[in-house]
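Engineer: Residue numbers (our numbering): 17 to 148.
Here it is, written out as structure tokens:
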């Protein structure tokens, strides 16, 4: 598995127009390792570039390089917990302003990287239901 690094793709910094989200998630060390490995886009349909620089995971849109989410993790014994989430709120870079919807999208992205079943989360997201 190739580990994504910042220099593997074009990236922009998180703008000052950002806000914090509440996302309470805990992952096993094995799940976290899959998340932290990140994603390097391989084709046009790949929408995300994700990389980890301790303690932050950065999630960028692949076409623009805009940073949409920053997630800070903390190791707790055998587990790794989300302790802080920032989301882009610059309307020139990201048009969504619904915190619950953003939290749901982030959970889907992270859980799918962790190899958790996200089918119900995806259906809820498509229907506009919050997973929180």
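Backbone N, C-alpha and C fix where the C-beta goes; we use that ideal spot for every residue, glycine too.
Could you give the residue range of the beta strand (DSSP E) that holds residue 36?
Structural biologist: 34-37
Engineer: If residue 124 and residue 110 are in contact, beta carbons under 8 Å, what's the gap, nearest whole angstrom?
Structural biologist: Not a contact, Cβ separation roughly 17 Å.
Engineer: Taking 8 Å as the cut-off, decide whether the C-beta atoms of residue 54 and residue 67 are in contact.
Structural biologist: Less than 8 Å separates the beta-carbon of residue 54 from that of residue 67.
Engineer: Assign residue 19 to one of three DSSP states: helix, strand, or coil.
Structural biologist: coil
Engineer: Using the rule of at least 16 other Cβ atoms within 10 Å of the residue's Cβ for burial, across every protein chain shown, is residue 30 buried or exposed?
Structural biologist: The residue in question, residue 30, is buried, as its Cβ has 16 or more Cβ neighbours within 10 Å.
Engineer: By a C-beta neighbour count over all protein chains shown, 10 Å radius and 16 as the cutoff for buried, is residue 121 buried or exposed?
Structural biologist: Buried: at least 16 other Cβ atoms inside 10 Å.
Engineer: Can you tell me the Cα-Cα spacing of residue 136 and residue 143, whole angstroms?
Structural biologist: Computed Cα separation, rounded: 11 Å.
Engineer: Is it right to say residue 19 is buried, meaning 16 or more other beta carbons lie within 10 angstroms of its own, or is it exposed?
Structural biologist: With fewer than 16 other Cβ atoms within 10 Å, it is exposed.
Engineer: Could you check what DSSP says for residue 48 in three-state terms: helix, strand or coil?
Structural biologist: Residue state, collapsed to three classes: helix.
Engineer: Whole beta strand (DSSP E) runs in the segment 80-107 with 3 or more residues, listed along the chain?
Structural biologist: For the segment 80-107, whole beta strand (DSSP E) runs of length 3 or above, ordered along the chain, are 83-92 and 95-104.
Engineer: Among 74, 130 and 138, which one has its Cα closest to the Cα of residue 44?
Structural biologist: 130
Engineer: Answer with buried or exposed for residue 112, where buried requires no fewer than 16 other C-beta atoms within 10 angstroms of its C-beta.
Structural biologist: exposed
Engineer: Buried or exposed: which applies to residue 36, given that a residue is buried once 16 or more other Cβ atoms fall within 10 Å of its Cβ?
Structural biologist: exposed
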